[in-house]
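These notes are about the structure you will find just below.
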Amino acid sequence: MEPAVVSASAGAMGSLLRKLGELLTAEYKLLKDAKGQIMFLKAELESMYVFLKKISDSGEPDEQDKCWAKEVRELSYDIEDSISEFMLRVERDSSKPHGFKGFITRSTKLLTTMTTRYEIAKEFEGLKIRVKEASERRTRYKIDDTVPKQNNTTIDPRLLALHAETTSLVGVKGPRDQLIQLMDGEGVPAHQLKVLSIVGFGGLGKTTLANEIYHKLEEKFQSRAFVSVSQKPNFRKILRRLLSQAGFVAPKDTNIEMWEESELIIALQNFLLDKRYTSLKVIVL
């Protein structure tokens, strides 16, 4: 890993810290355990962020520093995926119509929502253990003994700006409507697979734009899903999320957590048979 990539790790960590802060201050109904875990993650990751900057300022990082920085970067990707998944699922469950019909809909979804929060709490507990292990490993091998050298490689402020959390994109409506026309406009075949790629550096608002398109089009499809994919994806987990969001219900007395990747793929293919579909990709280059 070159020094510039250490800087990129710090930039990604900065984006994650902002998202953790948003999760704690927003009106998400977090379980008490999950909230405590998020506060712990935020405190630990802030310390890691400071140390990543220290590594970047030290000139040429040694192999120990580079190995630990890589571990922290991958960990930040996984945590950000979990947060994005939680926000999406809870927001989707809470955006049901009002009135009596809305009451019935929300009531039938209550168990699902609570299950979602318990699943997230369990996932955050696993992430908390990984963060603690990373911190202990840093202490055990005395990575903190890194002595700053001449400041030859600093974190490019433009890189940090690119990773800034975008809460309100300026001018998103125009690009959103143009992309929707490409997928669902007049003359576009309704039953033909369509793949749309949104490409750019982190922090430019690609996911926000994709999310806007998703919400505009979701009612036109029988099944829909919006999932995040990390740098080192767990394909079984992704397939389970796709099945869950698409509306698949596993047979009684069946534990979908134990299914192999091939079984999940077959289940998804069979479930989506004869359904209308569009694929929306967000690619970071």
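Just so we're aligned, residue 3 is where the sequence shown starts under the numbering used here, counting upward by one. Heads up, the beta-carbon is just placed ideally off N, CA and C, and yes, glycines get one too.
Compare the Cα-Cα distances from residue i to each of the options and report the closest residue.
| i | options | result |
| --- | --- | --- |
| L43 | L54, E65 and I81 | I81 |
| A252 | S49, I240 and L266 | L266 |
| M185 | W70, T209, I215 and G202 | I215 |
| K196 | K208, I182, M260 and G202 | I182 |
| P177 | E188, V190 and G207 | G207 |
| T141 | A227, S49, L274 and P235 | S49 |
| Q271 | F250, E259 and M260 | F250 |
| T256 | A269, I240 and N236 | A269 |
| S225 | K130, K234 and R243 | R243 |
| S78 | F273, K234, Q247 and L274 | K234 |
| S230 | P191, E262 and S84 | S84 |
| L2 | E221, M260, K222 and F228 | Here the chain has residues from 3 to 287 only, and residue 2 is not among them. |
| N236 | L219, Q180, G189 and E76 | E76 |
| A71 | A136, H217 and P191 | A136 |
Determine the extent of the beta strand (DSSP E) in which residue i is found, giving its start and end residues.
| i | result |
| --- | --- |
| S225 | Note, S225: premise wrong, no beta strand (DSSP E); not H, not E. |
| S199 | V197 to G202 |
Along the chain, where does the alpha helix (DSSP H) that runs through residue i open and close?
| i | result |
| --- | --- |
| H217 | K208 to L219 |
| F237 | F237 to A248 |
What three-state label does DSSP hand residue i in the structure shown?
| i | result |
| --- | --- |
| T156 | The predicted model places T156 with a pLDDT of 42, which falls under 50 and marks its position as unreliable; any figure quoted below should be read in that light. Coil, per DSSP. |
| E265 | helix |
| E188 | coil |
| D64 | coil |
| K52 | Looking at the sequence itself, residue 52 is Val, so the reference to Lys does not match. Helix at V52. |
| L275 | coil |
| S232 | coil |
| T256 | coil |
| V74 | helix |
| V7 | Residue placement at V7 cannot be trusted, given a pLDDT of 42 that sits under 50; the coordinates are not used to answer. |
| Q180 | helix |
Give a yes or no on whether 8 Å exceeds the smallest Cβ distance from residue i to chain C.
| i | result |
| --- | --- |
| F203 | Any reference to chain C falls outside this structure, which holds one protein chain only. |
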